[in-house]
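There are 2 protein chains.
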Amino acid sequence: MNIVVAQSGGPTCAINASLLGVFRHATKYDEIETIYGSVNGIEGLISNNLVNLSEIICTDDDVELIRQTPSTVLGSCRYKLPDPTKDIKVYEDIVSTMRAHDIHAFFYIGGNDSMDTVMKLDRYFKLNGIDIVAIGIPKTIDNDLPETDHTPGFGSAAKYVATTTQEIIRDSSVYSVPSVTIIEIMGRDTGWLTASSAVLRANGETAPHLIYLPEKPFSTKKFLDDVREVQKTHRAVIVAVSEGIELDMAELGEEFQSGKTDNFGHKYLAGIGKALEKLVTKEIGCKVRSIELNVMQRCSSHLSSKRDISEAERIGGSAVKAALKGISGEMMVFYRVANHPYNVRIDHVSVSLVANHVKYFPTEWITESGNNVTDEAVEYCLPLIQGEQNIRYKNGIPQHYVLQQELPHK
Amino acid sequence: MNIVVAQSGGPTCAINASLLGVFRHATKYDEIETIYGSVNGIEGLISNNLVNLSEIICTDDDVELIRQTPSTVLGSCRYKLPDPTKDIKVYEDIVSTMRAHDIHAFFYIGGNDSMDTVMKLDRYFKLNGIDIVAIGIPKTIDNDLPETDHTPGFGSAAKYVATTTQEIIRDSSVYSVPSVTIIEIMGRDTGWLTASSAVLRANGETAPHLIYLPEKPFSTKKFLDDVREVQKTHRAVIVAVSEGIELDMAELGEEFQSGKTDNFGHKYLAGIGKALEKLVTKEIGCKVRSIELNVMQRCSSHLSSKRDISEAERIGGSAVKAALKGISGEMMVFYRVANHPYNVRIDHVSVSLVANHVKYFPTEWITESGNNVTDEAVEYCLPLIQGEQNIRYKNGIPQHYVLQQELPHK
């Protein structure tokens, strides 16, 4: 039999490691002949665009380079499957590609939306008595998938956030004048990644002094009070804020309300960091800077967490093992067995418990003041950022693996 | 005799290495007794806020940690001295501090403004027959100081820009839909750092496809044409743009001209990247993202260029040697002796040739089309980004050296 693996959703530093996990584990089994990769996630299966991974991952060098390349070597997509009981055309296309390649197992590395795809495919296969299994492999820097202790990709993103925040603290603290630095961190719905900036406490940092997550309502008035309070004891105030927090426009002054919200609140143009920067400039008047960590927090593989990369590869391999047992419609998960020493066990749960659900940052890990996180958050994150990858450089730049030249714009 | 060293201007990854260079070289001379550090640049000499560096840099561990800590361990300032022939009060304060500590040599690590300070102090000392020498040690990520082949700090910033741009290329290329990604890079007046993104060619990258520097006038119409042209052959278009380019507002449509420039051109709120993002969204309509590399490009010491750090330390040491010869009013410079193998010689030139002058990116290294740089730029930059520092991590985060707890806001 043959199998196929695909990558979906937003890029991370660990999604290629999970691809390697599937590929390298699958090559160990005699019953698996060809390991295909689907280009651009499920789109490759719909349009019959597969590659034979054995022809691509040929040497130990290839493995090393793919492991240290961020983003998805097979490309990605944001494709949502229709209801399999209503619109079956696309399912027939997928099955047709799979039949043509004698594929009996499908592995989808992705986040919430990708698990929806796994769930629907599994349902379609079962409804129609098709002997193909579908397994989900978690991936997202947001860490917002239920049932699993954490998601591959999160650890590397958290390591980037912590390291970069610490460097920004140094950068922001050089002048003798008071300043406020606002760091905008990814996470539209959940505050996991923003909270990870608190791990700096383990190394004796007192900043970030204020941490705001989308799990708590945000008040601009309270925010300004918080900043003024921290200024009493710190010259350089560092704020970590989740991109997902929402400003209460009613709370803002007239300038921001008079139909001119585009000047201020325009979330999609300039982001929450810029908005808060403008607010502090106007209301407090000191030196202010906002910094958006942007896509760097999900693609800075030169700074990956070794544990994250290794776990991502391991969970990919476990997915193959599960598929060979006939498991289908399940997502692989981590259970944290212990923190000292850190230890996880891999298992799987019904993908229906994950798809279209969100795991929020625990509100009991947010301090009563609503502007910081407790030490439980630090304890939780710290093990996930441990270890550094041995990155190969060429000409002073990390070497990347590129599957193919990008296609011209049709 | 005693000496004093200070750090000034914007932070870099290499300015602490130059401090170490001065300190470690000075400890080799019997005639130098105490090596002072001035807190917050020249401000520490004005207000008599000095530290004894021997009491701070005690162990090899201290040296290692300071070398890998970004920004300035002694703090910085943006203080411009008055004309020494007109207002002498501040000069008297500085000399008073120096006299009180038996200081006979002053080393100032900084950029253009700091060289102005060195020049004025030297003039004041000479005018008044004061036996103190003043030496400048170059530092700036902008690489815009005349007379020197390059400036310490630039190589590490260029390595960050190249590495991060490459990661952004991977991140931007995953989807099957056309996209434009705009990377905004530091450099208000000069395009050195933006141009450094072209080193990726050495590793086979074709992106960034378009590179715009402030040394050439920027036309929004031409920019849109350029993007459309690249889209014919590339699905994911990558643009590197210097923060210093200026939009010709007259060229823009009515929407951007009708007194509402704040919505679009507001350089200080959202930057040129956001402005171009909005322009592409409006005029081309594909997926667009802008990314500001912000302060990360000057403080990401976890990714420093080993050559940059080592040269920064070396030039600091050479400054001590020059001072002991009685040299004053000079800035240390690099001359590039050869590129293959790379080799530099250290010398010094009159600081008057540097202070208040700017070294622009050579226009002959900009392609005729005005939207890219030639291979000469790549040849120039490549040697400066070579090698990686061996960074010490603790709890998964690089270890930093922090001189003192920051002072409360007065």
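The listed protein sequences derive, respectively, from chains A and B.
Here the first sequence is numbered in this note's numbering, starting from 1 and rising by one per residue.
Here the second sequence is numbered in this note's numbering, starting from 411 and rising by one per residue.
Each residue gets a CB set at the ideal place from its N, CA and C atoms; glycine is no exception.
Here the structure is a predicted model, which is why all the values come from computation and not from measurement.
Take residue i as the anchor and find which of the options has the nearest alpha-carbon.
i             : options                       : result
residue 360/A : 67/A, 242/A and 331/A         : 242/A
residue 77/A  : 760/B, 700/B and 584/B        : 584/B
residue 701/B : 288/A, 296/A, 58/A and 287/A  : 296/A
residue 496/B : 695/B, 537/B, 569/B and 596/B : 537/B
residue 287/A : 278/A, 294/A and 293/A        : 278/A
residue 493/B : 647/B, 722/B, 799/B and 534/B : 534/B
residue 181/A : 37/A, 227/A and 106/A         : 227/A
residue 30/A  : 18/A, 1/A and 208/A           : 1/A
residue 28/A  : 40/A, 324/A, 163/A and 139/A  : 324/A
residue 520/B : 630/B, 614/B and 766/B        : 766/B
residue 342/A : 401/A, 379/A, 47/A and 10/A   : 379/A
residue 282/A : 166/A, 221/A and 115/A        : 221/A
residue 99/A  : 4/A, 198/A and 143/A          : 4/A
Taking the straight line between their C-alpha atoms, what separation do you get for residue i and residue j?
i             : j             : result
residue 482/B : residue 627/B : 35 Å
residue 259/A : residue 744/B : Its pLDDT being 36, under 50, residue 259/A is placed unreliably in this model, and the coordinates cannot settle the point.
residue 426/A : residue 372/A : Because chain A is modelled from 1 through 410, residue 426/A falls outside the range shown and cannot be assessed.
residue 602/B : residue 284/A : 35 Å
residue 75/A  : residue 102/A : 23 Å
residue 269/A : residue 594/B : A caution first: residue 269/A carries a pLDDT of 43, below 50, which makes its placement in the model unreliable, though a value can still be read off. Distance between the alpha carbons of residue 269/A and residue 594/B: 15 Å.
residue 430/B : residue 466/B : 11 Å
residue 307/A : residue 14/A  : 10 Å
residue 731/B : residue 506/B : 25 Å
residue 376/A : residue 384/A : 14 Å
residue 756/B : residue 639/B : 45 Å
residue 648/B : residue 337/A : 44 Å
residue 674/B : residue 319/A : For residue 674/B, the pLDDT reaches just 37, beneath the cut-off of 50, and the residue's location in the model is therefore unreliable, leaving the point undetermined.
residue 118/A : residue 107/A : 8 Å
residue 409/A : residue 582/B : The predicted position of residue 409/A is uncertain, since its pLDDT is 37 and thus under 50; a value taken from the coordinates is nonetheless stated next. So the alpha carbons of these two residues sit roughly 14 Å apart.
residue 713/B : residue 328/A : 43 Å
residue 454/B : residue 225/A : 32 Å
residue 9/A   : residue 53/A  : 20 Å
residue 580/B : residue 615/B : 10 Å
residue 149/A : residue 381/A : 11 Å
residue 232/A : residue 764/B : 40 Å
residue 682/B : residue 654/B : 8 Å
residue 17/A  : residue 686/B : 35 Å
residue 129/A : residue 12/A  : 35 Å
residue 294/A : residue 604/B : 18 Å
Taking Cβ-Cβ distances shorter than 7 Å, what residues in chain A pair up with residue i?
i             : result
residue 480/B : 167, 170 and 171
residue 733/B : Ordered by position in chain A, no residue passes the 7 Å Cβ test against residue 733/B, which lies about 25 Å from the chain.
residue 810/B : 166 and 170
residue 453/B : 176
Using 8 Å for Cβ pairs, my map puts residue i next to residue j. What's the rounded Cβ distance?
i             : j             : result
residue 805/B : residue 240/A : So it is not a contact: roughly 18 Å between Cβ atoms.
residue 758/B : residue 740/B : 4 Å
residue 565/B : residue 760/B : Actually they are not in contact, since the Cβ atoms of residue 565/B and residue 760/B sit about 25 Å apart, beyond 8 Å.
residue 726/B : residue 432/B : 4 Å
residue 68/A  : residue 389/A : 6 Å
residue 597/B : residue 556/B : That pair is no contact at about 16 Å.
For residue i, go through chain A and note every residue whose CB falls closer than 8 Å to its CB, in chain order.
i             : result
residue 797/B : 396
Residues of chain A with CB closer than 9 Å to the CB of residue i, please, in chain order.
i             : result
residue 706/B : 164, 167, 168, 171, 291, 293 and 296
residue 609/B : 395, 396 and 397
residue 686/B : Residues of chain A passing the Cβ test: none, with the nearest at roughly 12 Å.
residue 612/B : 394, 395, 396 and 397
How would you list, in chain order, the residues of chain B whose beta-carbon sits under 8 Å from the beta-carbon of residue i?
i             : result
residue 382/A : 805 and 806
residue 77/A  : 585 and 586
residue 11/A  : 580, 581 and 584
Bridge partners for residue i per DSSP, in chain order?
i             : result
residue 366/A : 373/A
residue 388/A : 305/A
residue 548/B : 520/B
residue 348/A : 332/A
residue 16/A  : Looking at the DSSP assignment, residue 16/A forms no beta bridge with any residue, so it has no partner.
residue 591/B : 648/B and 699/B
residue 749/B : 752/B
Could you name the residues of chain B that residue i contacts, counting a contact when the two beta carbons are closer than 9 Å?
i             : result
residue 193/A : Neighbours of residue 193/A on chain B: none; closest Cβ ~15 Å, over 9 Å.
residue 305/A : 806
residue 413/A : No statement about residue 413/A is possible, as the shown extent of chain A runs from 1 to 410 and does not include it.
residue 40/A  : 584, 585 and 586
Would you mind telling me which residues of chain B sit closer than 7 Å to residue i, beta carbon to beta carbon, in chain order?
i             : result
residue 301/A : 577
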